[in-house]
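Accompanying notes for the structure given below.
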Amino acid sequence: MTVDFVARLGSRGSVPGEVRSAGSVHEYVDLMSPRAGLDAELRRVARRARSVRRTDPDRLLAVLRAVAEPPATELNKARVAEAAGIPATTLTPYLDMLETLGLIRLLPGCRSPVAKRPIGRPIVVLPDPVLALHLAGSAPGDLLAFSGRARLAPLLRGVVAGELLRQQQVSAVPHRVSHLRERNGLQVDIVIEMPDGSVYGVEVRTAAALRPHQFSRLEALAARAGSAFRGGVVLNTASSGHQYRPGLWGLPISALWEW
């Protein structure tokens with residue numbers, strides 16, 4: 001059966017409180033555990049890319065490393081070009097090639113009428129969590145400590161964004177997956193934009209326990225959107241779902257592929 005998280009969100013038969021997961025923060029970090037020969041694999045992919053489009057393998061890998069650190073951040077082409085050591089005017093073909101190869105995905109800025117003066121720059125997502133952690137330069141064990149949660153958070157956001165972008169292509173429900181950051185401060189990790197102008201909001205947290213402050217940005221989005229707000233979800237490392245209040249739920253991250 002095709003996994004379709006957005007379709008499940010819109011199903012009246014879905015009860016978030018019944019969602020159960022055996023996963024914990026340890027299991028999510030295990031998804032990112034390194035595999036042998038990853039650097040050699042990347043070099044082979046970069047060399048093969050020349051048969052698709054004339055690109056320099058070393059520059060291609062330099063751009064990949066530049067967009068991967070810090071992980072799941074907005075694309076700033078000037079910063080990426082400087083970090084990769086290439087002229088900014090030559091950057092776009094390398095980004096296009098990385099996307100063609102499936103090494104990166106771009107999470108676009110929100111275009112919903114609900115948004116006010118949104119930032120249009122996309123967020124760069126590495127859909128392979130193993131590659132994302134490898135290029136971010138962190139060890140799995142470091143992410144499990146409380147002090148490592150700040151490093152874990154963007155990696156988990158990348159896992160969620162990458163999975164939702166993947167499911168979007170085969171979903172039974174037409175929708176657009178985006179992120180929202182406004183110039184006046186409202187920010188939501190992921191916005192699901194529906195064809196009728198309504199939206200879902202999704203936030204990603206490393207904690208297993210739900211706290212009221214984790215819903216604050218979703219509540220702000222709900223107040224802004226009014227009747228166009230379909231619901232909001234905090235995805236976290238808990239083992240079960242929970243309704244915070246009508247229209248707002250907490251769900252395990254694994255609900256993306258298990259629910």
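Residue 242 in the UniProt record's numbering sits at position 242 of the sequence shown; the count goes up by one each step and never skips.
Glycine included, each C-beta is placed from N, C-alpha and C at the ideal position.
On a predicted model such as this, the values are computed, not experimentally measured, just so you know.
Rounded distance between the beta-carbons of residue j and residue i, thought under 8 Å
i      : j      : result
THR73  : VAL124 : 7 Å
GLY102 : PRO129 : 14 Å between Cβ atoms; not a contact.
LEU143 : ARG151 : 6 Å
LEU61  : ALA81  : That belief does not hold up - the Cβ atoms of LEU61 and ALA81 are roughly 15 Å apart, past 8 Å.
ARG59  : ALA84  : 7 Å
GLU203 : VAL234 : 5 Å
PHE5   : GLN243 : Wrong, their Cβ atoms sit about 17 Å apart, outside the cutoff.
Sequence-distant residues of the same chain with beta carbon closer than 8 Å to residue i, five excluded per side
i      : result
ALA222 : GLY201, PHE229, GLY232, GLY247 and LEU248
LEU31  : PRO129, VAL130 and VAL159
ILE86  : ARG59, ALA62, VAL63 and TYR94
beta-carbon residue i near the ligand ATP non-hydrogen atom, thresh 7 Å
i      : result
VAL173 : Inclusion of the ligand ATP in the displayed structure is not the case, the ligand content being empty and no account of it being possible.
C-alpha distance - residue i paired with residue j, whole-angstrom precision
i      : j      : result
ALA220 : ALA238 : 23 Å
LEU64  : PRO174 : 30 Å
ASN184 : ARG117 : 8 Å
ASP96  : ARG245 : 42 Å
ARG224 : THR55  : 45 Å
LEU165 : LEU107 : 8 Å
ARG50  : ARG44  : 11 Å
THR89  : PRO57  : 17 Å
ALA7   : GLY250 : 17 Å
ALA115 : ARG205 : 22 Å
ALA153 : PRO212 : 18 Å
LEU214 : ALA36  : Checking the displayed sequence, the identity of residue 214 turns out to be Gln instead of Leu. C-alpha separation (whole angstroms): 37 Å.
TYR28  : SER147 : 17 Å
ARG48  : ALA132 : 21 Å
ALA40  : SER11  : 45 Å
Close beta carbons around residue i, own chain, < 7 Å, minus the five adjacent residues each side
i      : result
THR2   : VAL170
GLY141 : none
GLY109 : PRO118, ILE119, GLY120, ARG121, PRO122, SER178 and HIS179
GLN187 : LEU180, ARG181 and ARG217
ALA207 : ASN236 and THR237
LEU42  : LEU61
GLY197 : SER112, PRO113 and ALA228
ALA172 : ASP4 and ALA7
ILE104 : VAL67, LEU98, VAL124, VAL125 and LEU126
Residue(s) in a DSSP beta bridge with residue i
i      : result
TRP249 : VAL233 and GLN243
VAL177 : ILE192
LEU107 : ILE123
ARG224 : ARG224 is not bridged to any residue.
GLY201 : VAL191 and GLY232
ARG54  : BP columns for ARG54 are empty, so no partner.
PRO118 : GLU182
GLU74  : ILE123
ARG20  : SER240
Within 8 Å, strictly: CB atoms of residue i and residue j
i      : j      : result
ASN236 : LEU218 : no
ILE190 : ALA161 : yes
ARG20  : SER227 : no
PRO34  : ALA136 : no
LEU126 : ALA68  : yes
LEU9   : HIS134 : no
THR100 : VAL25  : no
GLY23  : PRO252 : yes
LEU98  : GLU163 : no
Contacts around residue i, its chain only, beta-carbon distance under 6 Å, and the 5 residues preceding and following it disregarded
i      : result
SER112 : GLU193 and VAL199
ARG176 : GLU193
LEU75  : ARG121, PRO122 and VAL124
SER254 : SER21 and GLY23
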